[in-house]
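Okay, so here's the structure we're looking at.
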Amino acid sequence: EFFHAGQAFKLGRYPINFHMLGKVTKSYVKGCSFHNTFNRAITIHGVHDLLVERNVIYNTRGHAVFIEDGIETGNRILHNLVLRTRRSW
5 EFFHAGQAFK LGRYPINFHM LGKVTKSYVK GCSFHNTFNR AITIHGVHDL LVERNVIYNT
65 RGHAVFIEDG IETGNRILHN LVLRTRRSW
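Quick note on my numbering: the sequence shown kicks off at 5 and runs consecutively.
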């Protein structure tokens, strides 16, 4: 469970941040709950082959699942429930 996680208006201060790790075939975010976060829930930046599955994300500020540059490949984002995503500013 991630509750009241992340720091508002701070770059890179997200509850879970996969940052510039390259290929991560054995890594995953599975079966977690995120609620009342201050800056997104899961950020994927420069990461390939990550599994994000069966998570519940509720009442976040900013993107719930954020793929930062769009160059990331092979990531699987499956069967997640996202509710009440609000703007961060």
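Ideal placement from N, C-alpha and C gives every residue a C-beta, glycine not left out. Note that the coordinates shown come from a computational prediction; the quantities given were computed from them, not determined experimentally.
A residue is called buried once 16 or more other Cβ atoms fall within 10 Å of its Cβ, and PHE6 is buried on that count.
Between ASN84 and VAL51, the CB-CB gap reaches or exceeds 8 Å.
In the structure shown, TYR18 adopts coil according to DSSP, grouped into three states. In the three-state scheme derived from DSSP, where H, G and I count as helix and E and B as strand, PHE7 is classed as strand. The straight-line gap separating the alpha-carbon atoms of TRP93 and LEU87 is approximately 18 Å.
For the pair ILE75 and ILE48, the CB atoms are not nearer than the 8 Å cut-off.
The C-beta separation of ASP53 from VAL33 comes to about 13 Å, leaving the pair out of contact by the 8 Å criterion. Distance from the CA atom of GLY66 to the CA atom of TYR18, rounded to whole angstroms, is 10 Å. Pairing ASN43 with ASN63, the inter-Cα distance amounts to about 11 Å.
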